[in-house]
Amino acid sequence: MANALYGISRAPGPQWAREVLCGVEPVVQRSSPSDLRAHVVSTGRSVADLLTGAAARIDSNESLTPVVDALIAAAAAVDDGARQAAHDDVAEPFRVVLMGSTMAGKSSLFEYLTGGDGARVGDGAPRFSRDSMERPITVEGLESVVLVDVPGVAAFDAPEDREEAFRQAQYADLVLWTQSTTAAQEETGRALERLADLGKPLVVALNCRSDVTNPLNRIDLLQEPERIFGGDVEEYMRPIERYLARAAGRYAGLAKIHAQAACQAQFAVDDPTEAEQLRSASRVVDLVDLIRAEQDATATQRRLVRVADIVRVPLSVAHGLADQLATTTASQEVAAERRRVAVGRKSGRAVDDAALVMKTAIRRSVEARRRWVAQLDVDLKDSTINDLWRDEVTSLNAEVRATVSQARDRLRTSLSSIVADADAEWARTAAREFEGLDGGGSARWNLAAKIIGHGGLTVAALLGGAKGGAALGGVVGTLIGGPPGTAIGAAIGGAVGVLVGGFASGAKALRSGINKIADSWFRSKKDVHARRRRQLTDQFGPLLDDVEASLDTQLANEIEAWRGAIADEDKRAAASVEAFEAATRVVYGIQTSLSETVAELDLRLTRGLLAEAGRGRLAGAVTRATRLRGAGIAVDLAGDDLTEAILYPPERLVETLTPVPSSSSRGITAFHVLRGATDGKITVASLTRDNVHLHLGSPVPDGVLSTWRDLAQLHSGADAVRLTQDAAEEIAS
17 MANALYGISR
27 APGPQWAREV
37 LCGVEPVVQR
47 SSPSDLRAHV
57 VSTGRSVADL
67 LTGAAARIDS
77 NESLTPVVDA
87 LIAAAAAVDD
97 GARQAAHDDV
107 AEPFRVVLMG
117 STMAGKSSLF
127 EYLTGGDGAR
137 VGDGAPRFSR
147 DSMERPITVE
157 GLESVVLVDV
167 PGVAAFDAPE
177 DREEAFRQAQ
187 YADLVLWTQS
197 TTAAQEETGR
207 ALERLADLGK
217 PLVVALNCRS
227 DVTNPLNRID
237 LLQEPERIFG
247 GDVEEYMRPI
257 ERYLARAAGR
267 YAGLAKIHAQ
277 AACQAQFAVD
287 DPTEAEQLRS
297 ASRVVDLVDL
307 IRAEQDATAT
317 QRRLVRVADI
327 VRVPLSVAHG
337 LADQLATTTA
347 SQEVAAERRR
357 VAVGRKSGRA
367 VDDAALVMKT
377 AIRRSVEARR
387 RWVAQLDVDL
397 KDSTINDLWR
407 DEVTSLNAEV
417 RATVSQARDR
427 LRTSLSSIVA
437 DADAEWARTA
447 AREFEGLDGG
457 GSARWNLAAK
467 IIGHGGLTVA
477 ALLGGAKGGA
487 ALGGVVGTLI
497 GGPPGTAIGA
507 AIGGAVGVLV
517 GGFASGAKAL
527 RSGINKIADS
537 WFRSKKDVHA
547 RRRRQLTDQF
557 GPLLDDVEAS
567 LDTQLANEIE
577 AWRGAIADED
587 KRAAASVEAF
597 EAATRVVYGI
607 QTSLSETVAE
617 LDLRLTRGLL
627 AEAGRGRLAG
637 AVTRATRLRG
647 AGIAVDLAGD
657 DLTEAILYPP
667 ERLVETLTPV
677 PSSSSRGITA
687 FHVLRGATDG
697 KITVASLTRD
707 NVHLHLGSPV
717 PDGVLSTWRD
727 LAQLHSGADA
737 VRLTQDAAEE
747 IAS
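Here the sequence shown stands for residues 17 to 749, numbered as in the working numbering.
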């Protein structure tokens with residue numbers, strides 16, 4: 017009766033309870049892969065244009081060249097994705113990529129599933145790189161599935177082969193991992209972790225390696241299969257599960273098979289009865305059932321995910337790159353301004369010190385000549401005095417040149433040291449400020465680094481562009497490179513030249529003659545000496561005053577030239593700072609645009625997946641979604657829709673859904689993402705508007721911990737998300 021009241025005819029159960037509490041699921045139009053593809057192509061082209069335009073707006077400053085190059089490369093990658101999406105066959109069959117180590121039995125399994133003639137079954141020797149083979153599966157029930165056999169990914173397989181294998185895995189709906197009943201290698205662990213980063217579901221075919229071409233082994237397989245399969249499945253699977261757990265991989269199922277027996281049943285046995293017995297004993301039907309179940313439940317959803325990822329993957333790289341570039345250019349802007357101010361202040365002080373030294377030296381040299389005049393023997397002839405004066409002027413010339421040369425050299429050394437110290441401090445500051453950007457500072461960059469294998473542009477590349485003070489390094493060349501030093505030497509030389517030719521001998525001789533007549537007839541020897549002393553002082557004093565004033569003027573002009581050079585360089589340094597500032601604005605703009613674009617793409621995909629999984633009400637209720645491959649999707653919901661998603665999570669969704677209350681603070685949002693990710697006990701160590709620190713009561717594998725942390729930070733935008741646990745290292749962002 018209750019069912020009739022609600023218009024529900026099915027028997028009571030979880031779905032019945034959900035519909036009673038939340039209402040009958042509305043009929044909604046599902047998003048087709050073709051519709052999503054059109055949006056993906058349009059999005060990719062728009063983002064490529066955005067990145068290309070941003071690169072064109074950034075100054076061609078040498079230090080910013082890596083930024084421009086990175087944006088252009090990101091634009092090309094996104095544009096390539098858009099072109100690939102435009103030609104993607106959305107009607108393509110369910111795609112399974114067959115992976116594993118060489119000699120694990122991949123080729124035998126491939127030949128059986130695709131009805132081959134055994135030509136690809138070899139002796140286990142590595143094949144040529146990029147040797148992938150794609151065929152439709154011919155086994156009953158899997159006719160709409162395509163199987164791709166890729167090169168091995170073991171330690172002894174060629175790097176080119178491994179890259180081809182993972183390139184194919186990017187476009188897989190399901191990865192079929194073939195593992196022989198031997199110990200898993202460390203290289204296997206790295207491969208499984210990389211697959212987890214791609215977010216691909218994994219079915220493991222644990223292949224028995226007993227050679228059934230040996231009659232005794234064949235009899236054992238047919239009559240006592242446990243003797244052939246033998247061993248402990250858990251023992252073989254434990255390292256694989258550990259690797260997957262470490263990387264938060266999605267494990268879809270396990271089938272223990274004998275690929276060689278299945279292959280023999282197909283093309284190496286004349287007796288149909290024995291062939292069927294071999295096929296049955298190979299247990300390959302269990303594997304077929306796993307693949308069929310995954311296909312039936314997820315084919316359309318996987319197609320939606322694959323179409324989205326064609327552009328979403330390069331978008332993730334561009335988004336992470338924008339995060340890194342924004343932080344880096346902003347830090348360089350601040351550091352360049354600090355460096356400009358420090359170099360300008362210290363250089364100005366160095367010039368002031370040099371000016372004081374040279375001015376003091378000139379005054380000391382001139383004062384020495386005044387003392388020379390005061391001590392001069394007045395009984396000497398005028399011609400002798402003139403000769404002595406010329407010698408003294410030559411000495412003054414040499415003293416001034418030596419003093420100025422020494423001061424100039426010290427100034428050069430001082431300025432060089434100032435710039436070198438500024439460069440060293442910049443390097444230390446950069447190391448502190450940029451620490452963590454290549455592996456822990458940005459969740460988006462962590463994701464991008466995983467996708468590109470920790471390659472591409474790094475902070476080190478940007479620092480290399482600024483090495484040696486490219487932003488302000490012209491100070492050295494301008495102030496130490498010649499023109500100011502040469503000018504000051506020429507100026508002092510000119511001033512001394514005036515001194516050498518500046519003794520007015522004619523006027524002095526005339527006055528001396530008059531004085532001699534007066535001295536001879538009317539004055540005592542003492543009076544004559546006193547009068548002669550006054551005459552020498554009166555004639556040499558103004559001349560020395562003129563000399564000192566002339567040298568001071570010349571020195572002032574040269575010091576002003578040095579200060580002008582510093583000011584000019586400061587303008588160039590300021591222009592460099594402005595270039596960093598402008599680049600930072602551009603990159604922050606890109607960051608904002610990419611955040612909106614990625615959020616819109618994730619929202620469309622999430623709604624499409626929910627609708628395809630029969631949860632149309634939730635599809636329409638989701639207001640925001642953040643998807644992290646390998647971690648799942650965090651979604652914003654409100655009210656009854658949030659309650660429904662928590663009480664009745666979608667059962668057939670290919671991505672784990674984490675519902676979060678809408679309109680929460682960043683710290684609260686991060687908390688709910690983490691709370692929804694685990695069923696274990698958690699303790700709130702601290703929770704603020706922008707930060708969260710949670711302690712997990714039981715150990716969680718590192719890979720799982722880091723993906724939870726990254727998803728929480730990406731969806732919430734929190735400044736810091738910290739997770740600690742009793743038996744694991746802390747992971748903080």
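Even glycine gets a Cβ: it sits at the ideal position worked out from N, Cα and C.
Alpha carbons only, please: which of the options is nearest the one belonging to residue i?
i    : options                   : result
T118 : A174, R111 and A64        : A174
D325 : V603, V43, S47 and V57    : V57
R354 : D439, V373, T376 and L306 : D439
W724 : F687, G713 and D227       : F687
Q195 : A212, D177 and L222       : L222
V716 : K697, A701 and L727       : K697
What does the alpha-carbon distance come out to for the pair residue i and residue j?
i    : j    : result
I273 : L237 : 11 Å
G340 : A351 : Checking the sequence shown, residue 340 turns out to be Gln, not Gly. Approximately 16 Å between the Cα atoms of the pair.
T68  : I88  : 6 Å
A589 : V359 : 10 Å
V708 : L610 : 25 Å
A693 : L644 : 13 Å
P330 : V84  : 17 Å
K542 : S381 : 30 Å
H711 : D312 : 39 Å
R549 : V394 : 6 Å
K122 : F182 : 16 Å
E240 : V220 : 24 Å
G505 : V435 : With a pLDDT of 32 at G505, under the threshold of 50, the predicted position of this residue should be treated as unreliable, though the coordinate-derived value follows. Approximately 24 Å between the Cα atoms of the pair.
L739 : G713 : 11 Å
E257 : K216 : 15 Å
A734 : A93  : 29 Å
G683 : L703 : 6 Å
G336 : F596 : 19 Å
D695 : A268 : 20 Å
L214 : R299 : 29 Å
V491 : D561 : Note that V491 scores 26 on pLDDT, short of 50, meaning its location in the model is unreliable; the coordinates nonetheless yield the value given after this. Each residue's Cα considered, the two are about 36 Å apart.
Q729 : V737 : 6 Å
A33  : L658 : 16 Å
D718 : C279 : 40 Å
I401 : S411 : 15 Å
How is residue i classed by DSSP in three states: helix, strand or coil?
i    : result
A511 : With a pLDDT of 35 at A511, under the threshold of 50, the modelled position of this residue cannot be trusted; read the value that follows with caution. Three-state DSSP puts A511 in a helix.
Q741 : strand
G157 : coil
I533 : Note that I533 scores 39 on pLDDT, short of 50, meaning its location in the model is unreliable; the coordinates nonetheless yield the value given after this. Helix.
T642 : strand
R705 : coil
G132 : coil
R385 : helix
Q31  : helix
L727 : helix
M374 : helix
Q570 : helix
T753 : There is simply no residue 753 to check, as the chain begins at 17 and stops at 749 in what is shown.
A268 : strand
L658 : helix
D10  : In the structure as shown, the chain starts at 17 and stops at 749, and residue 10 therefore has no counterpart that could be examined.
Would the beta-carbon of residue i fall within 8 Å of that of residue j?
i    : j    : result
L192 : L270 : no
V164 : V323 : no
S678 : D652 : yes
E671 : G655 : no
T642 : H731 : yes
A371 : I582 : no
V161 : V112 : yes
I307 : L190 : yes
A275 : L158 : no
A615 : A627 : no
Closer than 7 Å to a non-hydrogen atom of the ligand SAH - does that hold for the CB of residue i?
i    : result
R266 : This structure does not include the ligand SAH; it has no bound ligands of any sort.
- For the stretch 61-110, which segments carrying the beta strand (DSSP E) assignment without a break, of at least 3 residues, lie completely within its bounds, in sequence order? Inside the stretch 61-110, DSSP marks no whole beta strand (DSSP E) run of 3 or more residues.
- Message: At 4 residues or longer, what runs of the alpha helix (DSSP H) sit wholly inside the stretch 273-298?
- Response: 275-283 and 288-297
- Task: Please specify which runs of the alpha helix (DSSP H), each continuous and at least 4 residues long, are wholly inside the stretch 207-249, giving them in chain order.
- Result: 231-239 and 241-245
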